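Trainee:
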Amino acid sequence: MIAAPEVVAAPLLSVQGLTVSVRDRGVVRPLVQDLSFDLRPGETLAIAGESGSGKSITSLALMGLLPANVSVTSGQLLLDGTDLARLPEAAMRPLRGARIAMIFQEPMTSLNPVQTIGTQLTEAIRAHEPLGRAEARARAIEALRQVRISEPVRRMRQYPHELSGGMRQRVMIAMALALRPAVLIADEPTTALDVTVQREVLDLLRDLQAQTGTAVILITHDMGVVAETADRVVVMQAGRMVEEGPTTRIFAAPGAEYTRELLAAVPRLGTGAERNAPLPPEAPVPVARLSCTSVHYDIGANFLGRPTHRVHAALGVSFDIRPGETFGLVGESGCGKSTIAKALAGLVPHEGLIEIGGKPLSSLTAREHKDIRRDVQMVFQDPMAALDPRMKVGDAVEEPLVIHRIGTPAERRARAEDLFRRVGLTPDQMSRYPHEFSGGQRQRICIARALALRPKLIICDESVSALDVSVQAKVLALLQELKTGLGMSYLFISHDMAVVENVVDRLAVMYLGQIVEMGTRDQLFGNPQHPYTQRLLDAVPIPDPARRSRSYLRPTGEIPSPLRPIGESPPPAELIDTGGGHLVARYSD
Amino acid sequence: MVDTAHVQLQPPIAPASVLRRLMRRKLALFGLAIIAVVVGAAIFAPWIVRYAPNEQLFEGLTLEGAPMPPGGEFLMGTDLLGRDLFSRMLYGARTSLIIGIVANGAALTIGTLVGITAGFLRGWVGAILMRFTDLMMAFPALLLAICLAAIFRPSLWIVAMVIALVNWVQTARVIYTETTSLAEREFIAAERTLGASGARILLRHILPHLVPTLIVWGTLGISVTVLLEATLSFLGVGVQPPTPSWGNIIFENQTYFQAAPWLVFIPGAAILLLALAFNLVGDALRDVLDPTQRGRD
Chain A
1 MIAAPEVVAA PLLSVQGLTV SVRDRGVVRP LVQDLSFDLR PGETLAIAGE
51 SGSGKSITSL ALMGLLPANV SVTSGQLLLD GTDLARLPEA AMRPLRGARI
101 AMIFQEPMTS LNPVQTIGTQ LTEAIRAHEP LGRAEARARA IEALRQVRIS
151 EPVRRMRQYP HELSGGMRQR VMIAMALALR PAVLIADEPT TALDVTVQRE
201 VLDLLRDLQA QTGTAVILIT HDMGVVAETA DRVVVMQAGR MVEEGPTTRI
251 FAAPGAEYTR ELLAAVPRLG TGAERNAPLP PEAPVPVARL SCTSVHYDIG
301 ANFLGRPTHR VHAALGVSFD IRPGETFGLV GESGCGKSTI AKALAGLVPH
351 EGLIEIGGKP LSSLTAREHK DIRRDVQMVF QDPMAALDPR MKVGDAVEEP
401 LVIHRIGTPA ERRARAEDLF RRVGLTPDQM SRYPHEFSGG QRQRICIARA
451 LALRPKLIIC DESVSALDVS VQAKVLALLQ ELKTGLGMSY LFISHDMAVV
501 ENVVDRLAVM YLGQIVEMGT RDQLFGNPQH PYTQRLLDAV PIPDPARRSR
551 SYLRPTGEIP SPLRPIGESP PPAELIDTGG GHLVARYSD
Chain B
1 MVDTAHVQLQ PPIAPASVLR RLMRRKLALF GLAIIAVVVG AAIFAPWIVR
51 YAPNEQLFEG LTLEGAPMPP GGEFLMGTDL LGRDLFSRML YGARTSLIIG
101 IVANGAALTI GTLVGITAGF LRGWVGAILM RFTDLMMAFP ALLLAICLAA
151 IFRPSLWIVA MVIALVNWVQ TARVIYTETT SLAEREFIAA ERTLGASGAR
201 ILLRHILPHL VPTLIVWGTL GISVTVLLEA TLSFLGVGVQ PPTPSWGNII
251 FENQTYFQAA PWLVFIPGAA ILLLALAFNL VGDALRDVLD PTQRGRD
C-alpha cells in the first residue's frame, strides 16, 4: 500500500488470458476478452473503467459468482496454483470468504435486513471455521472493533437499517476481513457513499491492509479513488485491458489514448476555468428567490393518528438566483438540497417564501401555477427513470408544448427536431424509445425536454452524477453551451465538489437542512470558512497519486439526525457576512 | 455508477410479437386452440346443430321415456326432456362466453377505476375506496351473489352484473398497488414539473403501464367468471331455464347422474376445459408481458 513491494514477490493471484462470454439466444458474445494481470501479496490493484468495461464481470468471475448464462470461456484464474475457473462449485465454496472475499457497492442490499449484524457476522465466521458460538462472537466483536465501529457490542444486536451507509459498509468490510482472506475484492465500495464517508472507508481499507497484508483488488470508475489508494492500475474499456502499470506512471504518463481521454475528463478541484467574465450582476428581479424557506415531513403516529416527529428537510433556507448565473447547491445525502429543488419545482409543499420571477409560489392560482412551470424546468439524476419508458422520445420532448397548448402539431414537431439537434442528437432518433439510447443520450433527451418551454431556470438535480466521466464532461459542456446561447440560469445541485467547482458562479453549502456557507465560487473554494465546508473539500479524492495521503481528521460518531419531536425545532443557523457577500454560519469548534 | 435500483419498466411490446411469443409455448397454444373451438362453436351454433336447443324431441327419448345416450342420431345424447344435448351445449357456450366477457369486462373496468383513483389520489378518498374494497373482499362472494341474484329477477344480464359486482375487488387491489408505485416514479414527478394535469398523467403515463397487468388479469378472470356462472346456475340463481348454460344443464340433470352420467359429465368437462384454457393463456401472457418473469422459457 505505502509503496509497491521492492522485491517482486511471486503473484498470489494470477489471471491469464481471461475471456468471459455471455450466451444470449444461442449467440456467444464476449464481455471480457483476453485479460491478464497478476496480484502480489499485500498490494492494491485497481481495475478502472467506465460502465460496460467488464470490470465487475471480472470480479464476479474471480469469485465464481457469474450469472447462469455467463461463463469463463477461456483463460486461467490461478489462486495459489489452483485454477478457480475450472473449480467445481463444491470446491469453490470453502475458498469463498476464507481465501477470497468480496465487498459490494450497496451495503444495504448485501446485508440481510431481517438478521442482526451479530448473527450475520458469526454465521459467516462459523461457516468457514470450526468455532463455538461464543468464540465466533468474540471474533465478530473483534472484527467490528477493527473497522472502528463505535460500541461494537451494541452494534451486534442491531439490524442493518439501524446503521448509516458508512457503518454498513464497515460491517461488510468487517465480515470480509474476519476470516483473514488472502484476496479482498472491493467492487465500487464507496460509490454509494458520501464523500466524507468515502474518505473514512478508504482510509480504513488502507490501514487494515497494512495490518493484515491482504491483497486488494479495487474495482472503481473513480480515478480519484484510484490515485489515492492503488499501487497498480489496470485500465479497461469495452471488455479489454487498455493499459496496465504502476499508478504513478499511469497518471504521469498515460500510454494509451483512452487513458489520456479518461484522465482528461476527470473533474478536478482547483482546475476550474479561470474566471474571465465577471459574475452576472444582481438584477432587480432575481429568477428565483428563496427567503426563509422550510420543508418538513411529519412521520410516526401516536394513538390518535397524529404525527409525533418531524423531519426538518430544509430549514430557513434563503438565497436568490440571478439571471444568467449558475447557482450551486452542495452537500451530502440527506442535507436537503434535493428537497429545495422539489420545493422550487412545486413538487413538495413549503413554508416561507419562494418567488419565481418576482411572484410568490404560495399565492398562485392553479392556472398561474401551470404557467410558472414554463419558467422553471428540472433535469433529474437518472434519465432512464425520468422518461416514460412507453413513450417515444420525440413525443416526450413535444409533450411540454402539448401540455401548455403551444403551436400546431407541425410547429411542435419542428421545435422538437430543432431541440434534438441542439442537444447533439438527430431528429431521426425521435421515433425510438428511451431504452434504445445510452445514459448520456437519455440525459440529452431530458435536457431537450426541459428546454422545450424556453425556461428561465433549469434545476439540475445531480443531473450528471449517474453518467460516466467522459459522458459527464460532454453533458456539462452542453449545459454550459446552452446557457450562454439561451441566457438561462441553472440551479446546479450536486454532491461532487469537483464538478461543482467547474460549473458554478456562486454556491451554497448545505448541512442538515440549513445553509452553512454561501458565496462566490472563488470565495468558497479559495477560502472555505465553515468547518463542514473544509471537511467536504478535504475529503474529495484527488486524481493525482503524487498528492496522496494527506492527514485527515477522522470525525467521530454519526451525523446528527434531522428528526425532531413535533414542536421542537432545531436552532436556525445564523449567517454572518465575512466580506464581499461571503456568508458563513456561526459555528462552535 | 449510482444506480437507482428499480424494477425495470418495459417499453411497449408490439401485439404481433406477443402473439408470436405466445405461440411458442405449447400449453398456451393448447389453451388458445380450446378457446378458438369454443368461440367458433358458440358463434356458428345455429349452422352446426340439427335441432333447436329448447325443442323437446319425440325421438329424443326412448320408449320408456329415458334420455338417449351419446352416439347415433344425437352426438352427445339427449336430456330428460328429450332435448339435444349437443345443441344445448353449443348455445350454453354462448351464455358462458357472454358472461365471461361482459361480466369480466365490467369487473375489470370497475376494479381499474377504483384502484387507479385510490392509488393516484391517496388521501381520504383512497382510504375510503380501499377500505370498501377490503370489506367486499371479506364478504363471501358466493353468498353475496346469491343475495343479489335473489333480489333481482335472474336473467343473463343480471347474472353478469352480479358476477361483476363480486369480482372487481381483486383487480382493484392489484391496480391500486401498481398505481401507487407508478405514481412515485421519477418520470411522473418529471411530468408534474412540466405542468401536466392529473388527468393527463393518469391517462397518458399511468394507464399504459397497467395494460399488461389488465390483459393478464382479464384473461385469468374469465375462467373465474365462467366457473362462478356455472356455480350460480347450478344453485338455481343463475341463468334460468330453458335458456341453456353449462351450469344449469348440470343443475337440471344432477339427480339422474347415475342413470345418465353424460348429462353431468359433458358440461362438467366443458367448464373444466374452458377454465383451464383461459388459465393457461393467462399464465402464458403473464410470462410474456411481465419482465420479472422473463428468461424462464
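Note that the protein sequences, when read in sequence, are chains A and B.
Here the first sequence stands for residues 1 to 589, where the numbers follow UniProt numbering.
Here the second sequence stands for residues 1 to 297, where the numbers follow UniProt numbering.
Beta carbons: idealized from backbone N, C-alpha and C, even for Gly.
Only a predicted model underlies this, so the values are computations on that prediction, with no experimental measurement involved.
Check whether the segment 248-258 of chain A touches the segment 443-453 of chain A, counting contact only when three or more Cβ pairs, one atom from each stretch, lie closer than 8 Å.
Mentor: Taking 8 Å as the limit for Cβ pairs, the verdict is that the segment 443-453 of chain A does not touch the segment 248-258 of chain A.
Trainee: Where A:Thr82 and A:Val72 are concerned, what is the direct C-alpha to C-alpha distance, given to the nearest angstrom?
Mentor: Their backbone Cα atoms lie some 15 Å apart in a straight line.
Trainee: Flag A:Asp382 as yes if its beta-carbon sits less than 8 Å from any beta-carbon of chain B, otherwise no.
Mentor: Output row for A:Asp382: interface = yes.
Trainee: Using CA atoms only, rank isn't needed, just tell me which of A:Asp222, A:Pro41, A:Ala341, A:Leu419 is closest to A:Gly485.
Mentor: When each option's Cα is compared against that of A:Gly485, the closest is A:Leu419.
Trainee: Grab the span of the alpha helix (DSSP H) containing B:Phe132 for me, first residue to last.
Mentor: Element bounds for B:Phe132: 123-138.
Trainee: Taking beta-carbon pairs under 7 Å, can you tell me which members of the segment 182-198 of chain B lie near chain A?
Mentor: Under the 7 Å Cβ criterion, the segment 182-198 of chain B contributes Arg185, Glu186, Phe187, Ala189, Ala190, Arg192, Thr193, Leu194, Gly195, Ala196.
Trainee: By alpha-carbon positions, which one of A:Gln76, A:Leu62, A:Ala192 ends up nearest to A:Arg93?
Mentor: Selected option, being the one with the closest Cα: A:Leu62.
Trainee: Grouping DSSP H, G and I as helix and E and B as strand, with all else coil, what is B:Leu210?
Mentor: Three-state result, B:Leu210: helix.
Trainee: What are the residues in the segment 396-413 of chain A lying within 7 Å of chain B by C-beta distance?
Mentor: Listed in sequence order: Glu399, Pro400, Ile403, His404.
Trainee: Which residues mark the beginning and the end of the alpha helix (DSSP H) in which A:Ile116 is found?
Mentor: Checking the displayed sequence, the identity of residue 116 of chain A turns out to be Thr instead of Ile. Unbroken run through A:Thr116: none, as it is neither H nor E.
Trainee: Excluding the five sequence neighbours on either side, which residues of its own chain have a C-beta within less than 6 Å of the C-beta of A:Pro189, listed in chain order?
Mentor: Ile103, listed in sequence order.
Trainee: Once DSSP output is grouped into helix, strand and coil, what is the label at A:Gly557?
Mentor: Residue placement at A:Gly557 cannot be trusted, given a pLDDT of 48 that sits under 50; what the coordinates show is reported in the next sentence. In this structure, A:Gly557 counts as coil in the three-state DSSP scheme.
Trainee: Work out the CA separation of A:Val27 and A:Glu355 for me, nearest whole Å.
Mentor: Going by the C-alpha atoms only, they are around 58 Å apart.
Trainee: My output table needs one value for A:His369: the three-state DSSP class, helix, strand or coil.
Mentor: Helix.
Trainee: Starting from the C-beta of B:Leu280, find all residues in its chain whose C-beta is less than 7 Å away, skip the five residues before and the five after it, and write them out in chain order.
Mentor: Excluding sequence neighbours, B:Leu280 sits near Leu27, Ala28, Phe30, Gly31.
Trainee: Can you grab the Cα-Cα spacing for the pair residue 593 of chain A / A:Glu417, in whole Å?
Mentor: Residue 593 of chain A lies beyond the residue range present for chain A, which begins at 1 and ends at 589; the question has no answer from this structure.
Trainee: When we look at the beta-carbon of A:Cys292 and count the other beta-carbons within 10 Å, is it buried (16 or more) or exposed?
Mentor: Label assigned to A:Cys292: exposed.
Trainee: For A:Asn112, count neighbouring C-beta atoms within 10 Å of its own C-beta (all shown protein chains included) and say buried if the count is 16 or more, exposed if not.
Mentor: Exposed, since its Cβ has fewer than 16 Cβ neighbours within 10 Å.
Trainee: For a test of the three-state rule: what should DSSP assign to A:Ser551, helix, strand or coil?
Mentor: Any answer about A:Ser551 is weak, because its pLDDT of 49 lies below 50 and its placement is not dependable; what the coordinates show is given next. Three-state DSSP puts A:Ser551 in coil, outside helix and strand.
Trainee: Is it true that the CB of A:Ala215 sits closer than 8 Å to the CB of A:Ala99?
Mentor: The residue asked about is misnamed: residue 99 of chain A is Arg in this sequence, not Ala. No. Outside cutoff.
Trainee: Could you check if A:Met518 is buried or exposed, using at least 16 other CB atoms within 10 Å of its CB as the buried criterion?
Mentor: Its Cβ being crowded by 16 or more others within 10 Å, A:Met518 is buried.
Trainee: Who are the neighbours of A:Asp388 on chain B, taking C-beta pairs under 7 Å?
Mentor: Chain B residues near A:Asp388: Phe187, His205.
Trainee: Using DSSP with H/G/I as helix, E/B as strand and the rest coil, what is A:Met236?
Mentor: Here A:Met236 sits in strand by DSSP.
Trainee: Could you pull out every residue in the same chain whose Cβ sits closer than 7 Å to the Cβ of B:Met1, ignoring the five residues on either side in sequence?
Mentor: Bear in mind that the predicted position of B:Met1 carries a pLDDT of just 34, short of 50, making it unreliable; the figure below should be weighed with that in mind. Counting only Cβ-Cβ distances below 7 Å, and skipping sequence neighbours, we find nothing.
Trainee: Could you compute how far the alpha carbon of A:Leu425 sits from the alpha carbon of A:Met391?
Mentor: When rounded, the distance between both Cα atoms is 17 Å.
Trainee: Would you mind stating whether A:Ser338 and A:Asp461 have Cβ atoms separated by less than 8 Å?
Mentor: Yes; because the gap between Cβ atoms is below 8 Å, this pair is in contact.
Trainee: Among residues of its own chain, excluding the 5 on either side of A:Arg180, which ones have a beta-carbon nearer than 8 Å to its beta-carbon?
Mentor: Taken in chain order, the residues that qualify are Thr212, Thr214.
Trainee: Tell me which residues share the same chain as B:Ile35 and place their Cβ nearer than 8 Å to its Cβ, disregarding the 5 neighbours each side in the sequence.
Mentor: Excluding residues within five positions, the ones whose Cβ falls inside 8 Å are Leu274, Ala277, Phe278, Val281.
Trainee: How about A:Pro107 and A:Gly165: do their beta carbons lie closer than 8 Å?
Mentor: The answer is yes: Cβ separation under 8 Å.
Trainee: Enumerate, from N- to C-terminal direction, the unbroken alpha helix (DSSP H) stretches of 4 or more residues contained entirely within the segment 160-230 of chain B.
Mentor: Listed in chain order, the complete alpha helix (DSSP H) runs (minimum 4 residues) inside the segment 160-230 of chain B are 186-194.
Trainee: So which residues of chain B does residue 615 of chain A contact, with C-beta pairs closer than 7 Å?
Mentor: What the structure shows of chain A is the stretch from 1 to 589, and residue 615 of chain A is not part of that stretch, so it cannot be assessed.
Trainee: With a threshold of 8 Å on Cβ separation, who are the neighbours of A:Pro307 within its own chain once the five nearest residues in sequence on each side are excluded?
Mentor: Asp298, Ile299, Gly300, Ala301, Ile566, listed in sequence order.
Trainee: Using a Cβ distance threshold of 8 Å, determine whether the segment 81-91 of chain B contacts the segment 253-271 of chain B, with at least three qualifying pairs required.
Mentor: Yes, they touch.
Trainee: In whole angstroms, what separates the C-alpha of A:Ala585 from that of A:Ala386?
Mentor: So the two alpha carbons sit approximately 35 Å from each other.
Trainee: Can you tell me whether B:Ile48 is buried or exposed, with buried defined as 16 or more other CB within 10 angstroms of its CB?
Mentor: Label assigned to B:Ile48: exposed.
Trainee: Note down, in chain order, all residues in the segment 152-174 of chain B with a beta-carbon under 7 Å from any beta-carbon belonging to chain A.
Mentor: Within the segment 152-174 of chain B, no residue has a Cβ that lies closer than 7 Å to any Cβ of chain A.
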